[in-house]
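Student: Handing you this structure, nothing more for now.
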């Protein structure tokens, strides 16, 4: 499963997801565990991430900017692959390259800019 971040526009008829390009594959998409970590880092919390209401685009942008500033211009550390044993199954946690977290925050900022240009008022995920 995965979490995709989307721009939304609030209007008289409610909240509507909007597209910024013809290609929906360009929206930031995260594996559940990565999305949970990211939402915690952004200050939105990961509990109930599937049912969360979209947040104001300015608030989301500020959260991403604060997360980027917290990295102090340094790339996020690389992570090794790891085996995650569980009851009845074993999962493999694929590591990540140095700077990956920074790149993902940059993707979110690009989505905010494209969403704002298309008239988005909120950012949501699910």
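In the working numbering, the protein residues as written are 303 to 428.
The C-beta atom is built at its ideal place from N, Cα and C for all residues, glycine as well.
Can you pull the DSSP bridge partners for residue 330?
Tutor: Per DSSP, none; premise fails for residue 330.
Student: What does the Cβ neighbour count give for residue 352, buried or exposed, with the cut at 16 atoms within 10 Å?
Tutor: exposed
Student: Given a cut-off of 8 angstroms, decide if residue 425 and residue 307 are closer than it, judged by their beta-carbon atoms.
Tutor: yes
Student: Which first and last residues belong to the beta strand (DSSP E) in which residue 304 is found?
Tutor: 304-313
Student: The beta strand (DSSP E) spanning residue 425 covers which residue range?
Tutor: Counting along the chain, the unbroken beta strand (DSSP E) around residue 425 starts and ends at 424-427.
Student: DSSP three-state label for residue 316, please.
Tutor: Of the three classes helix, strand and coil, the one that applies to residue 316 here is strand, per DSSP.
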